[in-house]
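As structure tokens, the structure follows; a few thoughts come after it.
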Amino acid sequence: MNILDKIIADKYKEVALKKQLISSRYLSQYPLFDRETISLATALKNSNTGIIAEHKRRSPSKAVINQDLNVQDVATGYEDAGVCGMSVLTDGKYFGGSLDDLILSRAAVRMPLLRKEFIIDEYQILEAKAHGADVILLIAAVLSRKQIKNLSQFAKGLNLDVLLEVHDLEELEKSLMPSLDMLGVNNRNLKTFQVSTAISKELSEKIPNEFVKVSESGISSVEAIKDLKNYGFQGFLIGENFMKTNDPGKSASAFINDLNS
């Protein structure tokens with residue numbers, strides 16, 4: 574069993590327990606559930622930089638990245654830097670995140686927030702909406718085509734944007750459907766955790782133009798983004814490059830200034 578299999582096995586147990594503790598009906602009564610969402614896809618289309626900055630304390634591949642920062646400070650720093658949106662890791666066991674991180678970020682900023690999670694159930698989409706998210710992530714590697722269709726349509730019914738993440742051509746081909754807003758290519762192999770932007774370039778021409786193309790993971794230089802823009806990418810998810818510094822917002826600001834120069 575690889576790390577992704579372990580995460581998903583744990584996620585099914587976690588969601589089953591959460592459903593017993595807090596009902597779907599109760600989640601729909603949260604104050605944030607009825608707020609008007611902000612489209613990340615639209616923000617990316619209208620941006621010169623396309624940066625989606627991430628809040629991530631740790632990961633299975635890198636252990637601790639940064640445990641010392643306040644998520645609200647990180648969110649405010651990112652927004653001040655001019656990023657298009659923020660990705661918030663909410664998995665606790667493997668990434669040290671929580672839904673509290675999402676709600677605290679929502680309290681601090683107005684930009685689009687992505688719930689970065691291993692979503693396998695509609696319940697988690699209700700959680701995302703109830704805690705202030707504007708976007709959800711679906712990972713093709715762990716979902717069937719039917720699951721992708723059902724989950725993405727459910728999210729769209731709540732006015733949430735949907736970012737679908739793929740790792741190879743097979744995943745991409747099974748996933749293309751109208752209920753997606755953005756197609757993300759993860760440059761990190763989730764089974765080996767090796768990283769290369771070559772997969773983004775390889776799959777770029779296979780992604781129809783009606784979807785916003787997003788390149789994820791392993792992007793640490795302005796040159797890499799300028800290169801990927803030549804392949805039609807409009808969004809760039811950057812996490813560890815900013816989070817490994819003492820001031821992610823300042824790091825993001827310098828990066829964006831360099832990108833615009």
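Residues 574 to 834 (our numbering) make up the sequence shown, in order.
Quick reminder that beta carbons are idealized off the backbone N, C-alpha and C, glycines included.
Asked: Label Gln602 either buried or exposed according to how many other C-beta atoms from any shown protein chain fall within 10 Å of its C-beta, with 16 as the threshold for buried.; Found: exposed
Asked: If you follow the beta strand (DSSP E) that Ser660 is part of, which residue opens it and which one closes it?; Found: Gly658 to Leu662
Asked: Given this structure, state the Cα-to-Cα distance separating Glu783 from Ala728, to the nearest angstrom.; Found: 18 Å
Asked: Looking at Asn732: is its Cβ nearer than 8 Å to the Cβ of Thr610?; Found: yes
Asked: Could you tell me if Ala713 is buried or exposed, where buried requires 16 or more neighbouring beta carbons within 10 angstroms of its beta carbon?; Found: buried
Asked: By the DSSP assignment, the alpha helix (DSSP H) with Arg608 in it spans what residues?; Found: Segment: none, Arg608 is in no alpha helix (DSSP H) and carries neither H nor E.
Asked: Where do the N-terminal and C-terminal ends of the beta strand (DSSP E) with Val708 fall, by residue?; Found: Val708 to Ile712
Asked: Under 8 Å, Cβ to Cβ, is there at least one residue of chain B near Gly812?; Found: The structure shown contains no chain B; it is built from a single protein chain.
Asked: Tell me which residues share the same chain as Ile829 and place their Cβ nearer than 8 Å to its Cβ, disregarding the 5 neighbours each side in the sequence.; Found: Thr622, Ile624, Ala654, Gly655 and Val656
Asked: Answer with buried or exposed for Glu778, where buried requires no fewer than 16 other C-beta atoms within 10 angstroms of its C-beta.; Found: exposed
Asked: Between the Cα of Glu695 and the Cα atoms of Leu675, Met750 and Leu716, which residue gives the shortest distance?; Found: Leu716
Asked: For Lys586, name the three-state secondary structure that DSSP assigns.; Found: helix
Asked: So who's on the other strand from His628, going by DSSP bridges?; Found: Val661
Asked: Take Ile798 and list the residues in its own chain whose beta-carbon comes closer than 7 Å to its own, dropping the five residues that flank it on each side.; Found: Ile792, Phe809 and Leu832
Asked: Would you kindly check if the distance between the Cβ of Leu710 and the Cβ of Leu687 is under 8 Å?; Found: yes
Asked: So for Lys823, helix, strand or coil by DSSP?; Found: helix
Asked: For a test of the three-state rule: what should DSSP assign to Glu783, helix, strand or coil?; Found: coil
Asked: Distance, Cα to Cα, Asp659 vs Pro821?; Found: Per the sequence presented here, residue 659 reads as Met, with Asp not at that position. In a straight line, the C-alpha of Met659 is about 12 Å away from that of Pro821.
Asked: Taking the alpha-carbon positions, what's the Asn619 to Val682 distance?; Found: 19 Å
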